[in-house]
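Residue numbers (my numbering): 1214 to 1341.
All residues carry an ideal CB built from backbone N, CA and C; glycine is no exception.
Data block below; observations after.
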RNA sequence: UACACAAACUGUUCUAUCGUGUUGCGCUUUAUGCGCGAUAAGGAAAGUCCGGACAACAUAGAGCGCCAAGCCUUGUGAAAGCAAGGGAUCUAGAAAUGAAAGUUUUUAGAUACAGAAAGUGCCGCAGAGAAUAACCACUUGUAUACGAAAGUAUAUGAGAAAGGGUGAGAAUGUGAGGUAAGAGCUCACAGUUUGCAUUGGUAACAGUGUAAACGGGUAAACCUCUUGGGUUGCAAAGCCAAAUAAGUUACGCAUUUGAAAUGGCUCGUUUCAAUUUUUUCUGCUUCGGCAGAUUUAUGGCGUAAUGGGUAGGCUGCAUUAGAUAAAUGAUAGAAGUCUGUUUGCUUAGGCAAAUAGAUACAAAAUCCGGCUUAUAGGUUUGUGUUUUUU
């Protein structure tokens, strides 16, 4: 699978985001909080993702961008974990990845934690 | 030479792998499309403090409120602003003069540099008191005590801003007169402010003369004065527009309740009455309606069309960035620059190698011009201090 992260894989519909935060379920894997919600989405990808970093934790735009880019990079390289899973059951999910740490962590640590998060997401999907 | 400060300029590079936004060309099995190219982060993109462009609304004139600017001349600029020169005030240093205070000259720096003599407010600590000044000491009236008396002490009233003490600042300074003691109360000299005249200067302003006055500071407190500004900002503004509900129009279908007649019964049809409702006319009216006549719908269901407009999207928005939960990146390696340490060489200024560390501040969001603030390292200029040599 190609390790792309295109515009259609990003979550940008205001209505879906509202539904996600109102009705979604969440899991915690430090330093991330992940909210997910099953919902049909007008895209060919099995999931859309939004990445959020709080302005309260990182006051400078440069730092927020840095964290978002690290997360995006880690997700891009490891999204096949959930994509393979969802293609077999033919469902679509909206997912929000929220950064709740207060420091910029090295990429190797971020990638490790993203992989752990995605694996736990797959377990949750199977239960439903 | 080293260090510090200020200003201006500059503010890292390459390779590999996997990727992102916009865009050009080509290809295919038309989709998780692919391939080859082009292009994509600042000096402050920041703060959102000024000025404009642009947009909508408003627009007879004026006022209130709010905001901005505020010594002079010249240049530059669309404006805001910026630059140069000059003036004034303040601070620090030097020189001259003088017994000293001080004055003059000069050098450097600073100034949100209109008004405190229109009004209101405020002025830490200390001090009696910070703007209706009486704590101590001073002068004096009265009462009491002591005393032969002069007077002394205590209490209380009045006068007085000259002395003491506090303070950054205490009601202009020195001398004389004056007085119970005192006081710009009066006088002389000096100082300050304002008006007028005059001389120099484009002007700010400076000098001289004259008259009046003497008044604490603070406008980066309110405020007053002069000049300028219509209001709101791209979340402006314009356009396209799904589903659902409801609105409008057209067409079609069906026709509320009761009684009677017809009929063997049901359905149906007809008539009458009641209810609801529309249009028009007439009469009455307390102007809300009421009564009568006339007319046939109203409401419901279905189909189609249609206006507004929600989700969403496009323009605004890019003459080589143009994102929109917001692209311009991540990882690995190498180099450059600076600093420290060690080693070697050296013509003693440095040079080379190894190793360790550092490599800033900071992310476009309609666009321009400024202002302010942040900034590792490097370069240049200026100033100050120190050391060495002459």
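Exposed or buried, what is residue 1298 when buried is set at 16 or more other beta-carbons lying within 10 Å of its beta-carbon? When all chains shown are included, residue 1298 counts as buried.
What alpha helix (DSSP H) runs, 4 residues minimum, are completely inside the segment 1273–1324? Complete alpha helix (DSSP H) runs here, min 4: 1274–1291, 1293–1302.
Measure the alpha-carbon distance for residue 1216 versus residue 1286 and round it to whole angstroms. Just so you know, the alpha carbons of residue 1216 and residue 1286 end up roughly 9 angstroms apart.
Straight-line Cα distance separating residue 1266 from residue 1311: The alpha-carbon atoms of residue 1311 and residue 1266 are separated by roughly 6 angstroms.
DSSP puts residue 1329 in a beta bridge; with which residues? Answer is none; residue 1329 lacks a bridge partner.
Let me know the alpha helix (DSSP H) ranges lying completely inside the segment 1217–1270, each 4 residues or longer, listed in chain order. Listed in chain order, they are 1227–1236.
When you compare only the Cα positions, how much space is there between residue 1272 and residue 1237? Answer to the nearest angstrom: the Cα atoms are 28 angstroms apart.
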